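Undergrad:
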Amino acid sequence: MRGKQVYLAELRPGDSELFTEWQWDKTFMKGISEDVFHPFTLDDWEKMFSDTMSNENFYFTIRRTIDDQLIGFISLTDVYFKNRHGALGIGIPHADNRGKGYGTEAVELLLRFAFDHLGLHKVRLSVHEFNQKAIRVYQKIGFVQEGVNRESVYQSGKWYDQLDFGLLQTEWRINENNKIRRFERELG
1 MRGKQVYLAE LRPGDSELFT EWQWDKTFMK GISEDVFHPF TLDDWEKMFS DTMSNENFYF
61 TIRRTIDDQL IGFISLTDVY FKNRHGALGI GIPHADNRGK GYGTEAVELL LRFAFDHLGL
121 HKVRLSVHEF NQKAIRVYQK IGFVQEGVNR ESVYQSGKWY DQLDFGLLQT EWRINENNKI
181 RRFERELG
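Counting from 1, one number per residue, gives the positions in the sequence shown under full-length UniProt numbering.
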């Protein structure tokens with residue numbers, strides 16, 4: 001799955017070593033909840049990515065198209081085909097790769113995979129209330145807040161809410177069609 005800035009790929013030799021290093025980045029881990037996250041070994045990362053073949057969990061690396069550099073990971077997990085839904089997760093560990101649209105494009109690529117390839121009806125996600133940048137990205141893409149798990153995250157001596165978002169395939173299609181119409185207007 002390829003976009004203008006990034007593409008999604010399978011795990012390659014050497015990727016697990018980078019993920020193992022990245023898990024110690026405090027700014028990255030804050031968004032995942034460092035207080036409950038345990039260190040992953042090389043084997044843990046490789047097992048997680050190999051689990052993609054289970055048809056319930058799909059893990060991809062995020063790479064920049066310009067130089068093939070690994071910048072993060074994205075997943076669609078807990079895919080339940082009977083009710084056609086799954087959960088999105090994403091991580092871009094280094095701050096210098098954030099705020100450039102890489103995450104937005106990676107999420108859009110994964111949504112195309114979820115809705116067009118897998119035929120899902122809904123993609124959901126959870127995000128900590130203090131991760132406002134991620135919340136803005138999700139809302140820009142079209143995710144709608146569906147619930148609040150009050151004070152479910154304890155971090156740095158304080159309780160935070162976890163927000164639940166969802167995006168239906170029909171909502172996504174409307175957003176995609178609107179993008180195409182905007183692009184056509186810009187062309188002329």
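We put the CB at the ideal spot given by N, CA and C, even for glycine.
Computed from a prediction, not measured in an experiment: that's the story for all the values here.
Just curious, the alpha helix (DSSP H) that residue 151 is in, first and last residue?
TA: Taken as a continuous stretch (DSSP letters only), residue 151 belongs to no alpha helix (DSSP H), being part of the beta strand (DSSP E) at 144 to 155.
Undergrad: Should residue 154 be labelled buried (16 or more other beta-carbon atoms within 10 Å of its own) or exposed?
TA: Burial call: exposed.
Undergrad: For residue 6, count the other beta carbons within 10 Å of its own beta carbon; 16 or more makes it buried, fewer makes it exposed. Which is it?
TA: Buried, since its Cβ has 16 or more Cβ neighbours within 10 Å.
Undergrad: What is the DSSP secondary structure of residue 187, counted as helix, strand or coil?
TA: Looking at residue 187 - three-state DSSP - the assignment turns out to be helix.
Undergrad: Helix, strand or coil: which one does DSSP assign to residue 158?
TA: DSSP places residue 158 in strand when its eight states are reduced to three.
Undergrad: Give every residue of the same chain whose Cβ lies closer than 8 Å to the Cβ of residue 121, excluding the five residues on either side of it in the sequence, and list them in chain order.
TA: Counting only Cβ-Cβ distances below 8 Å, and skipping sequence neighbours, we find 83, 84, 85, 168, 169.
Undergrad: In three-state DSSP terms, what is residue 11?
TA: Residue 11 falls in the coil class under three-state DSSP.
Undergrad: Below 8 Å, how does it come out for the stretch 146 to 161 and the stretch 173 to 182: are there three or more Cβ pairs, yes or no?
TA: Too few Cβ pairs lie closer than 8 Å, so no.
Undergrad: Check this for me: beta carbons of residue 91 and residue 72, under 7 Å apart or not?
TA: Yes.
Undergrad: Let me know the secondary structure DSSP gives residue 96 once reduced to three states.
TA: Three-state DSSP puts residue 96 in a helix.
Undergrad: In whole angstroms, what separates the C-alpha of residue 160 from that of residue 63?
TA: Going by the C-alpha atoms only, they are around 32 Å apart.
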